[in-house]
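A.B. asks: Just passing along the structure, written as structure tokens.
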Amino acid sequence: MLKRLSGRDGPLGVFFDYPVLLRLACISVCAEIAWGTLIVVLQYHFKDDLLKGDPKQLIGSRVATVTLAFVACETLFKVPMGALSDRIGPRRVIFFALGIATISPILMSFATKWYYFVPLRAMDGLGAAALWPSMSALMARSVSRDAKAAAMSVFNGAYCLGLAVGPMTGLFLGNHFGNAHVFPLCSVLLLIGIVIARSVLKSGIGDAPGVDTHIGNDFPAKDGSLLRGRPMLLRMMILYAFSQIAVGMLANVLVLYLDNQFNIQEADLPRLVAGPAFIVAFIALPLGRLADGIGRARAVWISYSMATTGMLVVALTSLMRPTHSLLSPEVFIFGLGMMLLVGSYILGTPAWLGLTSLQVDDKRQAHALSLMQSAQGFGVVVGAGLVAFAGPFLIHLKTESIRVRKVISSHVPLPRLPHLPHLPHLPHLPHLPHHGAIPNATPVPSHVPLTLPTPAPEISQIAIKTVTKVQDTLPISVWLWASVAVFAICLVGTLLFVREPEHSLQAEDKASSSKQPLEISGV
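When we follow the numbering used here, the leftmost residue of the sequence shown carries the number 611, and every step to the right adds one.
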């Protein structure tokens, strides 16, 4: 069994062929556990501590604003940091990234207003912009060309492992000790990453005689020249950015949707997520390497099919009755949809990044990957921005629709009076007696009710149904259906535009494929 797992074609064989990948993966796991924990715990910190009792759409808007600061800063600096990594080497950039990311969670422990988290998450975004292009480029450079997809699967597997373990641990600790006390734990994890990086990037891993280990002799090419002559790379960037709009919308409302639809609280999530999280961690590497066998383009097509189906299943749960039972069929259906989404991410991301790395030479790996990751960040920025800025508008629209429905239901409007002809000038009326009583007028009995003319009943019913329809389409679930549409469009786009690289491209770099992987210690 161990021989099958560790063989060249086995899921762990890449670690025996390239031991450096395991050590680099440990750095990625530490960083992603910290950042994955912050993403989830911050939502509960806002919902239960800082903004307790506020409308759900408003909380989602605040969470999205903070997320927007992180993703916007990451997107803005990712390409410059990738170019800087190619210029001065990834080692210094990685230490800078982990160092700046260690400081912000400590400061979050003292933040008492939600807007204090905006600059702190922007610091995290700068750290992520510096870390991920350098780390993915290091992994891609550490292996031969035919193993680049395997290296990207290790990178993605480490990312998924961090996302699986981090939020579960953070939610458990936040429920027992308070959400604010989880932030220092994130700093400790990033410090561990610094210690591992200091050991790995200094120990002379991957030494090979006759290999040029100097990285960054020249300035990297500009974005335009990198994309020129590579139309598929440009199309992939556009599709990747568009698909991440759905991720940006979903990430900022998922916790609120779980609360609304299933009454799932922070204390419930650790035991619900534990099993699926370990399954994800176990299958991340084997499923990520599946692209080597079936083809990277085909893996991308399958992954977007899974994403569209999974998102549709998740959105359909919003049409079911709300439930408080964690063992109800609705919760299992929702879990099935989420597993399809996670599986699509595990399968598609290594294939996508592998296709990206195969379209450029080794000297521009970090630059190309940073461009693709910047496209990813741009899409998340747009998705988070939609939630952040549309949330208050939807709250106002829903409030007004409720008010209009109450008015229509409880009051009947008067009919429009016909146009009266011009009346002649009336003579001056004599002074009326006291209390405005008219002489010789017949009094109206008190038992006779005063009735108003009623409009056609079908008009009232149509108005009520229209307002009810508007009211029902404005909950958190509106973002789920928008995500379904985004993934469906991306599925069509990948089927039309994403193909395996031409063999001429691989022949163009045939010499580099026969070389040993670049060493890391010489950076």
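Just so it is clear, CB atoms sit at the ideal spot from N, CA and C, and this is done for glycine as well. Remember, predicted model here, so these are calculated numbers, not experimental data.
Within 10 Å of its beta-carbon, does Tyr725 have 16 or more other beta-carbons around it, so buried, or fewer, so exposed?
C.D. replies: Stepping through the sequence shown from its first residue, residue 725 is reached at position 115. That one is exposed.
A.B. asks: Is Ala978 near Leu783, with beta carbons less than 8 Å apart?
C.D. replies: Within the sequence shown, numbered from 1, the residue matching residue 978 stands at position 368. Within the sequence shown, numbered from 1, the residue matching residue 783 stands at position 173. In this structure, Leu783 does not lie closer than 8 Å to Ala978 by Cβ.
A.B. asks: Less than 8 Å between the CB atoms is what I'm expecting for Ser638 and Gly772, so what's the real figure, rounded?
C.D. replies: Mapped onto the sequence shown, residue 638 falls at position 28. Mapped onto the sequence shown, residue 772 falls at position 162. Going by Cβ atoms, the distance from Ser638 to Gly772 rounds to 7 Å, so yes, they are a contact pair.
A.B. asks: So, is Ile956 buried or exposed, given that buried needs 16 or more other C-beta atoms within 10 angstroms?
C.D. replies: Taking the sequence shown and counting its residues from 1, the one referred to as residue 956 is at position 346. That one is buried.
A.B. asks: Which word fits Phe680, buried or exposed, when buried means at least 16 other C-beta atoms lie within 10 angstroms of its C-beta?
C.D. replies: Within the sequence shown, the letter at position 70 stands for residue 680. Buried, since its Cβ has 16 or more Cβ neighbours within 10 Å.
A.B. asks: Since Gly920 and Met948 are thought to touch, with beta carbons under 8 Å apart, how far apart are those beta carbons, to the nearest angstrom?
C.D. replies: Here residue 920 refers to the residue found at position 310 of the sequence shown. Here residue 948 refers to the residue found at position 338 of the sequence shown. Gly920 to Met948, Cβ: 7 Å. Contact.
A.B. asks: Please report the residue range of the alpha helix (DSSP H) in which Pro576 lies.
C.D. replies: Nothing can be reported for residue 576, as the shown portion of the chain is limited to 611 through 1133.
A.B. asks: Quick one: what's got a C-beta closer than 7 Å to Leu678's C-beta in the same chain, skipping five residues either side?
C.D. replies: Taking the first residue of the sequence shown as position 1, residue 678 is located at position 68. Val991, Ala994, Gly995, Ala998, listed in sequence order.
A.B. asks: Express the C-alpha separation of Ile669 and Val1088 in angstroms, rounding to a whole number.
C.D. replies: To locate residue 1088, count along the sequence shown from 1; it is residue 478. To locate residue 669, count along the sequence shown from 1; it is residue 59. Their backbone Cα atoms lie some 15 Å apart in a straight line.
A.B. asks: Exposed or buried, what is Leu855 when buried is set at 16 or more other beta-carbons lying within 10 Å of its beta-carbon?
C.D. replies: Counting from one through the sequence shown, the residue named residue 855 turns up at place 245. Sequence inspection shows Ile at residue 855; the Leu mentioned does not correspond to that position. Counting Cβ neighbours within 10 Å, Ile855 comes out buried, since at least 16 surround it.
A.B. asks: When we look at the beta-carbon of Glu684 and count the other beta-carbons within 10 Å, is it buried (16 or more) or exposed?
C.D. replies: The residue you call residue 684 lines up with position 74 of the sequence shown. The residue in question, Glu684, is buried, as its Cβ has 16 or more Cβ neighbours within 10 Å.
A.B. asks: Give the single residue among Ala1000, His655, Val890 whose Cα lies nearest to the Cα of Ala774.
C.D. replies: If you number the sequence shown from 1, residue 774 lands on position 164. Nearest C-alpha to Ala774: Val890.
A.B. asks: Measure the C-alpha to C-alpha separation of Phe765 and Gln986 and round it to an integer number of angstroms.
C.D. replies: Here the question's residue 765 lines up with position 155 in the sequence shown. Here the question's residue 986 lines up with position 376 in the sequence shown. Cα-Cα distance, rounded: 16 Å.
A.B. asks: Along the chain, where does the alpha helix (DSSP H) that runs through Ile710 open and close?
C.D. replies: To locate residue 710, count along the sequence shown from 1; it is residue 100. Where Ile710 is concerned, the enclosing alpha helix (DSSP H) stretches over 700 to 718.
A.B. asks: How would you label His1149, buried or exposed, when you count the other beta carbons within 10 angstroms and need 16 or more for buried?
C.D. replies: Limits of the chain in this structure are 611 at one end and 1133 at the other, which puts residue 1149 out of reach.
A.B. asks: Less than 7 Å between C-beta atoms, sequence neighbours within five positions excluded: which residues of the same chain meet that for Met691?
C.D. replies: Within the sequence shown, numbered from 1, the residue matching residue 691 stands at position 81. For Met691, where only same-chain residues beyond five positions count, the Cβ hits under 7 Å are Val703, Ala739, Ala740, Pro743, Ser980.
A.B. asks: What number of angstroms, rounded off, separates the C-alpha of Gly989 from the C-alpha of Ser853?
C.D. replies: Counting from one through the sequence shown, the residue named residue 989 turns up at place 379. Counting from one through the sequence shown, the residue named residue 853 turns up at place 243. Cα to Cα, Gly989 sits roughly 7 Å from Ser853.
A.B. asks: DSSP state of His786, grouped into three classes?
C.D. replies: In the sequence shown, residue 786 corresponds to position 176, counting from 1. Looking at His786 - three-state DSSP - the assignment turns out to be helix.
A.B. asks: Cutting at 7 Å between CB atoms, please list the residues of its own chain near Ser928, excluding the five before and the five after it.
C.D. replies: Position 318 of the sequence shown, counted from the start, is the residue given in the question as residue 928. Correct list, in chain order: Gln871, Ser1087, Leu1090.
A.B. asks: When DSSP labels each residue in this structure, what does Tyr955 get in the three-state scheme?
C.D. replies: Locating residue 955 in the sequence shown gives position 345, where the first residue counts as 1. It is helical.
A.B. asks: Would you decide whether Phe626 is buried or exposed? Buried here means 16 or more other CB atoms lie within 10 Å of its CB.
C.D. replies: Here residue 626 refers to the residue found at position 16 of the sequence shown. Looking at its Cβ environment, which holds fewer than 16 other Cβ atoms inside 10 Å, Phe626 is exposed.
A.B. asks: With respect to the alpha helix (DSSP H) encompassing Tyr867, which residues constitute its N-terminal and C-terminal limits?
C.D. replies: Here residue 867 refers to the residue found at position 257 of the sequence shown. Taken as a continuous stretch (DSSP letters only), the alpha helix (DSSP H) holding Tyr867 covers 841 to 872.
A.B. asks: Where does Glu642 land, buried or exposed, given buried means 16+ other C-beta within 10 angstroms?
C.D. replies: Locating residue 642 in the sequence shown gives position 32, counting from the first residue. Classification of Glu642: buried, given that the 10 Å Cβ count is 16 or more.
A.B. asks: For the alpha helix (DSSP H) containing Val1088, list its first residue and its last residue.
C.D. replies: Here residue 1088 corresponds to residue number 478 of the sequence shown, with the count starting at 1. Unbroken alpha helix (DSSP H) run through Val1088: 1088 to 1107.
A.B. asks: Does the stretch 903 to 919 come close enough to the stretch 780 to 796 that 3 or more CB-CB pairs lie under 8 Å?
C.D. replies: Too few Cβ pairs lie closer than 8 Å, so no.
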